[in-house]
Each structure stands twice: as C-alpha cells, then as structure tokens.
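My numbering puts the first residue of the sequence shown at 794, with every later residue one more than the last.
Note that beta-carbon positions come from the ideal geometry of N, C-alpha and C, so glycine has one too.
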Amino acid sequence: MPYYRRVGEVPHKRHTQFRRPDGGLYAEELMGEEGFSADSSLLYHRNIPTAITAAEAVEVEPQVLRPNHPLKPRHLRTHRLKLGGELVSGRQLVLGNEDVRLSYVAADQPSELYRNAVGDEVVYIESGRATLESVYGRLEAGQGDYVVVPTGTTHRWVPRGGQPLRALVLEASGHVGPPARYLSRHGQFLEHSPYCERDLRAPDEPLVVDDTEVTVLVKHRTGHTRLTYAHHPFDVVGWDGQLYPYALNIADFEPITGRIHQPPPVHQTFAGPNFVVCSFVPRLFDYHPEGIPAPYNHANIDSDEVLFYVGGDFMSRKGAGIELGSMSLHPAGFTHGPQPGSVEASIGKQATDELAVMVDTFRPLHLGPAALASEDEGYAWSWARGEGRAPS
Ligand SMILES: [Fe+2]
C-alpha cells in the first residue's frame, strides 16, 4: 500500500520482453489486491513462479476461542506464556474474532517459508531483532517496529542477535494500512498524519535465491497446505509497485497533543477490517491550567479494547497489577477507566513515558488458550479493590 517503490532490475515498460543473461525471459508476476482494482506490484522471477510439484494437507492443532462470558475485563500476562519456537507455528492465540486474531510469540528459531492467503499480518516487535525475508527482499526489524506483511507474501522470519523475538501478531481477515483520513486522494500522507512516507522502511534489494524443491506453508481460507515449489520463490531480480511489506517504528509515530485530553483516535496508526491499531507513545500532557491528564472513564459502546503494555510507566493503571507485556481487554458493555486515585495523582504532571499498542475491534473478542493460561483472575475487581471494597 504505502507508495510506489522500485527495487532491483525491472524492464522499462511493463508486460514487455525482459531477458535473463542467458537470453531466456524473466517470468513476470502481478501481485494485486481486489482483483486488478487496487494496489499491486510486478515481480520478475528467474523461473516461473507457478511450478509446484506437490501439495500436502497440513493439520494445525486448533486453538479454540471461547466467549468472554461472563462478561469481564481481563488482564493477561503474556510474559508468563511459554518461550521458544518460531514466529509462525509458535503463535499462542490470546484473543480473536472473525476479523482479527491476536497472538503472542517469543520466537527463537527461523520460521519456514510461509504465506498467509487469508489476510494481512501486522507483527509488532516488543523486543529482539529479526530479518523478514520475502519475495520482495530483506527487511531488518527490531524493537518497536510494526511490520505489515501483505496477504499472499511468501516470507519467513529469522530471529537475530540471540534474544527471543517477542512479538504481538495480528492476523487480519483482510487488508491493513494507514487510516484513509491520513492520505490524500492519491495516497500521499497528509500534513496532519502522525507519520509519513519517510518513516516507513521496506526492502531495498532483492534476495535472488536459486534453490530448487522448496516447501511453502500456505494458510488459506479452508485450512493449511504445504506446497512444494520447483524453484525458490525468492528468485526475484526486481519488482516495482505499491504492494510490499514495510515497517514503521513506534518511536517514529508523532503524538498529537492538546490543551485538554485528546481522544484515542489521535493515536490511530492502522486501520484493518473492523478493527484499528493505535500507538500510545511518550508525549507531553494536556496544558490547560485546569486539565486532568489521566483519561476519563469511558464506555466504548461499540468496541472491545485491547491494550498491550510495552514500556514506560502506566500512570492510570497503578494498582491493577499491570506489568510489562500485560494485555488488558476492556469489552463493550463494561465502563472502564483509571484506577482509583490515578486521576488526582495525574494533575500537574507534564509528560508521560508510556508506550502501548492498542487494538480496538468492533466485534467482540473471544478468549484463546493463551488468555486462559495467563489471566490475572483478580483484575476485574481491581477498581473496587482500590477503594477497599474488593472481594478478597
Ligand atoms: Fe480505554
């Protein structure tokens, strides 16, 4: 999506003869969204990208979602989940619905070649480093990066640096990108957008891998299949277009502040099908002389709200047991807000160093096995506990 990019060698004119040094033709592939009616890229392969020699059904153990019933706010402690595995098969499903699945992973191994044919993926790297290798080339990613991987991109994640790659993985049911209101009618980031083209990183050069007989795990609408390809899909010598994986670091998201409290949409970073992603970053607080920096209690009557706490001091959540890696779920039907005493304590504060990723969904989120395995059962009563009225 973000903007036109050209990497490696491409012919002057699309759909014309483009020859390898041995005189044969490169194989052109168009990868495009919404048929031929939205963003796309043209990739040039050394070999035909369609040559498969085997297809094997893969049974993936289902991670069952259960309704958030009885309705309760939840506190999930992702750092208590198990470590290890790889970024694709090691995903531990925390929350999900028909539009998006939120998984946590602490990967220490390279993933196999993988393609999600159902929707875009957004990988938020909480800590660690990795290389995203794809048909578009190599993209280095690290702490604080959101990496958006378009539907259908053949890729693999390779952790680097010896530390586990801790990540929140969003698997969308469709496409994810900047909110439309940040863009001009031709797709350029507008002046009021909290980030722009200069903040986005993408592959700079193709990988050009020549292996043969490689397998790719495909997540598709009816299950998982492992396809064997005669030639490595990374045999691309060049590509151009507007569809490719890209990274945005949360530190490059410029906060919008005001004289009085600004509502969460100012923190919006991405829009997906029936959900949004927002970034809460270090910023100056409101500067009205009578302003209250802590958020007001709020009932988001049409959405479930997830906050993933990744750094800093969470002023409004003191007393609730929130820790690094905590994820809170505040569902529709429940009014939530700061812990008792936080509002008063916030008055006169100049700035916050909080760092959090928020995901708001318009359909209810259900609880995955990783939610049930990491839940702080007492969280729902924490507001009452702060007033000395909690169940023990
Ligand atoms: Fe909220």
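Using the three-state DSSP reduction, which class does residue i fall into: helix, strand or coil?
i: HIS868; result: strand
i: TYR797; result: coil
i: TYR939; result: strand
i: ASP1079; result: coil
i: GLU964; result: strand
i: VAL887; result: strand
i: VAL951; result: strand
i: ILE1049; result: coil
i: ILE1085; result: coil
i: GLN810; result: coil
i: HIS979; result: coil
i: PRO973; result: The amino acid at residue 973 is misidentified as Pro; the sequence shows Ala. It is helical.
i: ALA1044; result: helix
i: HIS805; result: coil
i: GLU990; result: helix
i: TYR1037; result: coil
What first and last residue would you give for the beta strand (DSSP E) that runs through residue i?
i: GLU1098; result: 1097-1104
i: SER905; result: In the sequence as presented, Ser is not what sits at residue 905; that position holds Glu. That residue, GLU905, is in no beta strand (DSSP E); it is neither H nor E in DSSP.
i: LEU1020; result: 1016-1024
i: VAL1069; result: 1068-1073
i: VAL1136; result: Run containing VAL1136: none in the beta strand (DSSP E); it sits in the alpha helix (DSSP H), 1135-1139.
i: SER986; result: Run containing SER986: none; DSSP gives neither H nor E here.
i: PHE1063; result: 1061-1065
i: VAL1029; result: 1029-1034
i: SER833; result: 833-838
i: ASP1153; result: 1148-1154
i: THR924; result: 922-927
i: ALA820; result: 820-825
i: THR1005; result: 1005-1013
i: SER1121; result: 1119-1123
i: ILE845; result: 845-851
i: GLY930; result: 930-934
Under 9 Å between the Cβ atoms of residue i and residue j?
i: VAL1070; j: PHE1078; result: no
i: PRO1038; j: SER927; result: yes
i: VAL1002; j: TYR1022; result: no
i: SER1139; j: ILE1085; result: yes
i: GLU919; j: ARG867; result: no
i: VAL887; j: LEU880; result: no
i: VAL1010; j: ARG908; result: Per the sequence shown, the amino acid found at residue 1010 is Leu instead of Val. Closer than 9 Å, so yes.
i: ASP901; j: LEU876; result: yes
i: PRO996; j: GLY945; result: no
i: GLY889; j: LEU858; result: yes
i: GLY921; j: GLN956; result: yes
i: THR1005; j: HIS1024; result: yes
i: ALA934; j: ALA1044; result: no
i: TRP1176; j: VAL800; result: no
i: GLY1216; j: ASP1146; result: The shown model of the chain, from 794 to 1185, leaves out residue 1216, and the question about it has no answer.
i: VAL851; j: ARG1019; result: yes
i: GLY1065; j: TYR796; result: no
i: VAL893; j: ASN1067; result: yes
i: HIS805; j: GLY1118; result: no
i: GLU1030; j: ARG839; result: With the sequence shown as reference, residue 1030 is identified as Val, and Glu is not the correct amino acid for it. Going by C-beta atoms, VAL1030 is nearer than 9 Å to ARG839.
i: ALA1149; j: PHE1107; result: yes
i: ALA1173; j: LYS865; result: yes
i: HIS1081; j: THR1128; result: no
How long is the line joining the alpha carbons of residue i and residue j, rounded to whole angstroms?
i: GLY1181; j: HIS1060; result: Residue placement at GLY1181 is poorly supported in this model, since its pLDDT is 44, which falls under 50; the coordinates are not used for a value here.
i: ILE845; j: GLU964; result: 26 Å
i: SER986; j: ASP1153; result: 19 Å
i: VAL962; j: GLY883; result: 11 Å
i: ARG870; j: SER1167; result: 5 Å
i: LEU1000; j: TRP950; result: 14 Å
i: PRO1157; j: VAL969; result: 19 Å
i: PRO814; j: PHE1027; result: 18 Å
i: ARG953; j: SER904; result: 12 Å
i: MET824; j: GLU1047; result: 32 Å
i: ARG1110; j: GLN1055; result: 18 Å
i: LEU1160; j: GLU802; result: 47 Å
i: SER966; j: GLU891; result: 7 Å
i: ARG1014; j: MET1151; result: 27 Å
Should residue i be listed as close to ligand 2, given that the test is whether its C-beta is under 8 Å from any heavy atom?
i: ASN1093; result: For the structure depicted, ligand 2 is absent and the ligand set comprises only ligand 1.
Quick check on the DSSP output: the alpha helix (DSSP H) that includes residue i runs from which residue to which?
i: LEU1165; result: 1162-1167
i: ARG1178; result: 1175-1178
* Counting Cβ pairs closer than 8 Å, one from the stretch 906-923 and one from the stretch 936-943, do we hit at least three? -> yes
* To do: Indicate whether the contact test is met: 3 or more Cβ pairs, each with one atom in the stretch 818-825 and one in the stretch 985-997, closer than 8 Å.
  => no
* To do: Pair every Cβ in the stretch 1119-1138 with every Cβ in the stretch 1093-1104, then say whether three or more of these pairs are closer than 8 Å.
  => yes
* Should the stretch 1130-1144 be regarded as contacting the stretch 829-848, the criterion being three or more beta carbon pairs within less than 8 Å? -> no
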